[in-house]
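The sequence shown runs 4 to 91 under my numbering. Each remark here refers to the structure printed beneath this line.
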Amino acid sequence: MIRDDILEAVVKRARGYSATETVEDYAVVDGALELVKKRVTVKDVPPDMTAAKMIMDDGGVDELTDEQLALEKNRLLGELLESENKKL
Numbered sequence: 004m005i006r007d008d009i010l011e012a013v014v015k016r017a018r019g020y021s022a023t024e025t026v027e028d029y030a031v032v033d034g035a036l037e038l039v040k041k042r043v044t045v046k047d048v049p050p051d052m053t054a055a056k057m058i059m060d061d062g063g064v065d066e067l068t069d070e071q072l073a074l075e076k077n078r079l080l081g082e083l084l085e086s087e088n089k090k091l
């Protein structure tokens, strides 16, 4: 699911990771391309506090109790009614 993929990417960013980068240089030798130089570097990406905060603040509806869900539903319905009354 897309949400799981996004969460996985944010968790990876929050924890930090290592990325491998490969650069290959080619040259024409006797009319054919040949690999002349290959550089492989490993870059460390440090943990990102913004991503960590996003995970900590996420909470979402999965952690709400039934009572909290009912209160949130009533609050949102109240906002909808208010906005509709202002339009009239």
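All residues carry an ideal CB built from backbone N, CA and C; glycine is no exception.
Cβ-Cβ distances below 7 Å link A17 to P50, D51, A54, A55 and I58 in the same chain, with the five nearest sequence neighbours on each side left out; the list follows chain order. It is roughly 15 Å from the alpha-carbon of L72 to the alpha-carbon of E82. In the displayed model, D7 falls within a helix according to three-state DSSP. If only complete runs of 4 or more residues are kept, the segment 12-65 shows the alpha helix (DSSP H) at 52-61, in order along the chain. Taking the Cα positions, K40 is about 25 Å away from V48. Taking the C-beta atoms as reference points, V14 is found no nearer than 8 Å to T25.
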